Amino acid sequence: MADGFFNVEDFVQSILSQLDRVQDALRLKAVNRPLTYALKDISLDFHVFAELDPQGNVRFRPASSNESGASTLKLGFTTITRPMIEENTVSLAATRSPRIDELGLSPDEVKRLESVGVRTAAQLNRLQSVAGSSTVSRWANVDSTRLKDVLNRARPVVDRVQVQPGPAVPPRVVPRPAPVPAPPAPPPVSRPPISAQPAPPPRPAPIVRPPIDFGPKKPIETQPAFEPQAPVPRQRIRLVGRNLMLGEDAPGAKFNDVPVSITRALDDELEVELPHDATSGTLELSFGDDDVHSIELELAPASVDATTPAMWNGDPWAPGGGT
Numbered sequence: 020m021a022d023g024f025f026n027v028e029d030f031v032q033s034i035l036s037q038l039d040r041v042q043d044a045l046r047l048k049a050v051n052r053p054l055t056y057a058l059k060d061i062s063l064d065f066h067v068f069a070e071l072d073p074q075g076n077v078r079f080r081p082a083s084s085n086e087s088g089a090s091t092l093k094l095g096f097t098t099i100t101r102p103m104i105e106e107n108t109v110s111l112a113a114t115r116s117p118r119i120d121e122l123g124l125s126p127d128e129v130k131r132l133e134s135v136g137v138r139t140a141a142q143l144n145r146l147q148s149v150a151g152s153s154t155v156s157r158w159a160n161v162d163s164t165r166l167k168d169v170l171n172r173a174r175p176v177v178d179r180v181q182v183q184p185g186p187a188v189p190p191r192v193v194p195r196p197a198p199v200p201a202p203p204a205p206p207p208v209s210r211p212p213i214s215a216q217p218a219p220p221p222r223p224a225p226i227v228r229p230p231i232d233f234g235p236k237k238p239i240e241t242q243p244a245f246e247p248q249a250p251v252p253r254q255r256i257r258l259v260g261r262n263l264m265l266g267e268d269a270p271g272a273k274f275n276d277v278p279v280s281i282t283r284a285l286d287d288e289l290e291v292e293l294p295h296d297a298t299s300g301t302l303e304l305s306f307g308d309d310d311v312h313s314i315e316l317e318l319a320p321a322s323v324d325a326t327t328p329a330m331w332n333g334d335p336w337a338p339g340g341g342t
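Residue numbers (the numbering used here): 20 to 342.
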């Protein structure tokens, strides 16, 4: 700014930074003050002279009081919430892709691509898949071979493959069967009160009948103990490289033509979960319609100890099963 000119971007960012500091100070004020004031909208009018520098940036210079012919620059600031920011700006995941100015394009070619909304290789790939490479080349005035070279430089590359250990298998837990409740106690025998009157005449002896035999008693059935199966450990493959994300989306993955899940996806790292019995096969990563990477894997099957002792007596969650 030695010549008095400034970029609009630098000027706006400077004002926003100062307003952010004012907002942060409100949090400290709220400790001791129940009521304070905040800014909602700001409008600024500037009389400036505009110029275009050799890099294609528009710059402004404030007009002096005795200068005529200046333009009026009106800037308005208002508040915006986080959902509005996320809805109207490019997500952070979309910026993981390499920028086009890092892929061998000239500054003039970069500016022409930025004029059609392309700043990263992922955005260029998405635009070409929708509009076609010839349309992008014509509108951006960039040769199609240059665009193809940019996408080749930004292709996904896997540098290292690592086998991660699967999760530990917890011991099998066999809960004790529910105890059989004891039969209820018989009610107490009520005895007649002792009377001083003479005893009544004896009653005739009751007729005794033999008991009815209903057959042998069946034992009380208890529910069998439930033995849950331990979770089967899965093998995880960690892939280290670069440009491993499709903008905001992770690539598709298949192992021996069976879809598998990607548990972790970063631009320089992928973590793929394979079945526990996987020993050897082909892992395919699909980064687009015509971009499929195949990796041959030789793995040792994950072992599952079928003789893991079950916890039986006492508290099943105790370290030794209780006593």
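Cβ coordinates follow ideal geometry from the N, Cα and C atoms, glycine included.
What you are looking at is a predicted structure, and each value in this text was computed from that prediction instead of being measured.
Simplified DSSP assignment, three categories, for residue i
i	result
L289	strand
F306	coil
V279	coil
E315	strand
F24	coil
T154	helix
I99	coil
T55	coil
D127	helix
D168	helix
Length of the line joining the Cα atoms of residue i and residue j
i	j	result
D22	E133	28 angstroms
F30	I104	20 angstroms
Q32	N76	16 angstroms
L94	L63	5 angstroms
K48	G123	51 angstroms
A284	K167	26 angstroms
R261	A173	9 angstroms
P221	P200	43 angstroms
V387	T108	Residue 387 cannot be examined here, being either before or after the span of the chain that is shown, 20 to 342.
A159	E128	8 angstroms
Q74	V137	18 angstroms
S110	D287	18 angstroms
A269	D296	25 angstroms
L316	F25	57 angstroms
Pair within 8 angstroms by beta-carbon distance, residue i and residue j
i	j	result
I256	V180	yes
I314	V177	yes
V27	F68	no
T298	L318	yes
P81	F65	yes
V279	V291	yes
Contact with chain B by residue i, beta-carbon distance below 8 angstroms
i	result
P81	Among the chains in the structure shown there is no chain B, since it carries only a single protein chain.
Cross-strand partners of residue i (DSSP beta bridge)
i	result
P81	V67
L94	L63
S299	E317
K48	Answer by DSSP bridge pairing: none, since K48 is not bridged.
Q181	R257
K273	P278 and E303
R118	T139
So, do the region 131-149 and the region 106-120 have three or more beta carbon pairs nearer to each other than 8 angstroms? yes
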